[in-house]
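In this text, residue positions in the sequence shown follow the numbering used here: the first is 12, and each later residue adds one.
Backbone N, C-alpha and C define an ideal beta-carbon position, used for all residues, glycine too.
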Amino acid sequence: MSDKKIWPLLAFGLITGGFWQATDAQIEVSGYYKNLLVSSRTLGFPAFLPATDYTVDLNRLHLELWGDLGENTVFNVQYDNEIFLGDYLKTKQFQVQKNIPLDTYLNLRSTYTDKQSVFGRHGFYRAYLDTRIGNADLRIGRQRVAWGSALFWSPVDILNPIDPTALERDRRTGVDAVVLDADYSDLSRVSVLYAVHASPVRASTAVRWRTNKYGYDWGVTAGRFRNDDMAGVDLAGQIGKIGVRSELTRTKSPVDGFYTRFVLGADYTFLNTLTINGEFYFNGQGATDTSAYDFSRLLSGEIQSLAQRYLGLYLGYDITPLIKWKNYYINNLDDKSFFYAPEISYAITQNNELALGIQIYSGITGSEYGSFENMLYAQWQLFF
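So this is what it looks like as structure tokens:
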């Protein structure tokens, strides 16, 4: 029997098994509606020409269903329904990007309308079961595997990598995986993972050990991640009132050969709510010469950065309890280009938020951030 037949059967077995155990099942429903209006210009790459100004309006209904299937088993299903409006739908850039497949095993998303005036799609953002077996948690399905602790770049978080310039920073595709987290003490855990993929050579198998010693969280990760062999270490903790974190990995790739990546970061929050967060990132997978940049891999999501040395800074401040100011800044230290994204948000009510922001890209022709266009956006989000 093929993997694609085994996976749904295994998931179905866990779900039905949980229902048979359920006595007083508890189900909770939550979610949000988001309207995101963006104004920008298409990129100047050959596949996207002619470059043109555009607006696009994203409307997303996100529903999350959480259920208790018994004493030790829960499920989580998150469903998205998205409608896109605006003249962006007529551009070549959108025609290319809408057809880029997700880097997953199961295709849990489908398009229900595709016109020049409206584009609609829906699917499952998350869908997994979590069951407790002794001192271990077994989780199976479309899930987010969060193994890193960095803000801008995370060498360890390779299954759901961070896009440092993403407009929706909290959105990650997820993976179709089986994860076993076994706690062998109050502060120590061993995790074993197997993530299937539509292309068998890109399946992932990994093990991670994590513990807390001397006031620091320590982690060791090793495995095969989408055709790359990787081993790494990470730590996070406090030096006085300053939070510190670091990640270091060594990777063997059939495409990029051997390379090292590491990140070193620190953060501090003042009594007046001002938060400063900084990271230095070395990316051995990247290039030091702009002529060697591979923008096609960057745009497809295969890689997240083109160069080798970066500095990232975050500045946040609560102007009032209801008004928050956020700033993200990234400097490519190799080609001197930079990215800056300030945002101000206002909590209209406890579950109703408005945000306004801009993404600024600057650099010489051919540089990483000089190759992208500035973006203005307004976002309204209603939680329920």
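By the DSSP assignment, the alpha helix (DSSP H) with residue i in it spans what residues?
i	result
F135	No alpha helix (DSSP H) holds F135; the beta strand (DSSP E) holding it covers V129 to I144.
L309	F306 to S311
K103	K103 to Q108
Just to confirm, is the Cβ distance from residue i to residue j under 9 Å?
i	j	result
E379	L317	yes
F350	P172	no
L285	Y321	no
W158	S215	no
K136	R153	It is Tyr, not Lys, that sits at residue 136 in the sequence shown. A contact, by the Cβ cut-off of 9 Å.
T401	P166	Since the first and last residues shown for the chain are 12 and 395, residue 401 lies out of range.
I287	L324	yes
L367	E354	yes
M386	V49	yes
Q127	K101	yes
If I follow the unbroken beta strand (DSSP E) through residue i, where does it start and stop?
i	result
T124	R120 to D125
V274	G268 to T280
L47	Q37 to R52
R71	D64 to D79
G230	Y227 to F236
I94	T84 to L96
N363	N363 to S373
L393	M386 to F394
Does the distance between the C-beta of residue i and the nearest non-hydrogen atom of the ligand NAP fall short of 8 Å?
i	result
H73	As for the ligand NAP, it is missing from this structure, which has no ligand bound.
Using the DSSP secondary-structure output, state which residues sit across from residue i in a beta bridge.
i	result
E258	D245 and V274
T222	W229
S264	G268
D240	R235 and K263
I250	I253
Ordered list of beta strand (DSSP E) runs contained in the segment 132-219, each at least 3 residues:
147-154, 186-196 and 199-206
Counting beta carbon pairs with one atom in the segment 130-137 and one in the segment 208-223, are three or more of them shorter than 8 Å?
no
Write down every uninterrupted run of the alpha helix (DSSP H) in the segment 279-359 whose length is 4 residues or greater and which is fully enclosed by it, in chain order.
306-311
Cβ pair count under 8 Å reaching 3, the segment 230-243 against the segment 257-271:
yes
Cβ contact check for the segment 102-121 and the segment 81-90: 3 or more pairs under 8 Å:
no
Would you call the segment 183-193 in contact with the segment 270-283, where contact means no fewer than 3 C-beta pairs closer than 8 Å?
no
Stretch pair the segment 42-50 + the segment 66-74: three plus CB contacts closer than 8 Å:
yes
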